[in-house]
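J.: If you count the sequence shown from 1, you need to add 39 to reach our numbering. Backbone N, C-alpha and C fix where the C-beta goes; we use that ideal spot for every residue, glycine too. Sharing a structure, written as structure tokens. Questions coming.
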Amino acid sequence: MKIEGPSKTSATSKTGKTERAADGGVGFDDYMAAGTKATSAPATSSAIARVDALLAAQAVEDPAERSARKRMHARAEGVLGELDRLKIALLTGQLTLGHVIDIADVVASHREKINDPRLTAILDEVDLRAQIEIAKARKAMESRG
């Protein structure tokens with residue numbers, strides 16, 4: 040119905056729904072019925088369960104791996120502790136040949152247990168610098184004595 044002003048109304052035109060249905064046209068109801076028939080069944084949850092099981096299996100840590108990680112952590116703490124002692128001794132002016140020898144020993148004792156090439160390169164640099172300082176100190180001691 041169309042409103043044209045105060046107290047004036049007129050009928051609207053027909054949509055032709057019955058004509059389309061009679062002519063073989065497809066209506067909204069037909070699309071809805073066809074849409075529900077064409078949808079596939081939802082994926083089963085077994086595939087998701089398999090993926091969850093794989094992720095859970097990957098998350099489980101081997102006890103041997105856990106103990107190896109603890110040992111590596113303890114070694115890393117030891118090396119960092121020695122480096123920290125060396126840094127403090129250097130900053131306070133109390134660096135002795137013993138500090139340098141200690142750090143060289145710590146680096147040498149842990150080098151073969153490390154599989155990471157970047158960490159090995161860092162330890163090589165620390166060891167090289169320690170060996171240079173030891174050689175310089177020995178040279179100075181020999182020239183005095």
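Between arginine 168 and the rest of its own chain, which residues show a CB-CB distance below 7 Å, the 5 nearest in sequence each way excluded?
T.: Within the sequence shown, residue 168 is the residue found at index 129, counting from 1. Once the five neighbours on either side are set aside, arginine 168 has no close Cβ partner at all.
J.: Could you check what DSSP says for leucine 134 in three-state terms: helix, strand or coil?
T.: Start at 1 with the first residue of the sequence shown, and residue 134 comes out as number 95. Leucine 134 falls in the coil class under three-state DSSP.
J.: Counting Cβ pairs closer than 8 Å, one from the segment 136-148 and one from the segment 159-173, do we hit at least three?
T.: yes
J.: Given a cut-off of 7 Å, decide if arginine 114 and histidine 149 are closer than it, judged by their beta-carbon atoms.
T.: What you label residue 149 is simply residue 110 of the sequence shown in a count that begins at 1. What you label residue 114 is simply residue 75 of the sequence shown in a count that begins at 1. The answer is yes: Cβ separation under 7 Å.
J.: Can you name, in chain order, every residue of its own chain whose Cβ lies under 7 Å from the Cβ of arginine 124, other than the five neighbours on each side?
T.: On the sequence shown, residue 124 is found 85 positions in, with the first residue counted as 1. Same-chain partners within the cutoff: His138.
J.: Would you mind listing the alpha helix (DSSP H) stretches within the segment 87-116 that are 4+ residues and don't spill past its ends, in chain order?
T.: Under the rule that a run must span 4 or more residues, no alpha helix (DSSP H) segment is found entirely inside the segment 87-116.
J.: Measuring alpha carbon to alpha carbon, tell me which of Ala147, Ala179, Lys178 ends up nearest glutamate 34.
T.: Only positions 40 to 184 of the chain appear in this structure, which leaves residue 34 out of reach.
J.: Could you have a look at glycine 120 and say whether DSSP puts it in helix, strand or coil?
T.: Position 81 of the sequence shown, counted from the start, is the residue given in the question as residue 120. The answer is helix: DSSP assigns glycine 120 an H, G or I state.
J.: CB alanine 128 to CB leucine 134, shorter than 7 Å?
T.: For the purposes of this step, residue 128 is taken as the residue at position 89 of the sequence shown. For the purposes of this step, residue 134 is taken as the residue at position 95 of the sequence shown. Going by C-beta atoms, alanine 128 is nearer than 7 Å to leucine 134.
J.: Straight-line CA distance for aspartate 101 to leucine 122?
T.: As a first step, residue 101 is located in the sequence shown; it is residue number 62 there, counting from the start. As a first step, residue 122 is located in the sequence shown; it is residue number 83 there, counting from the start. Those two C-alpha atoms are separated by around 31 Å.
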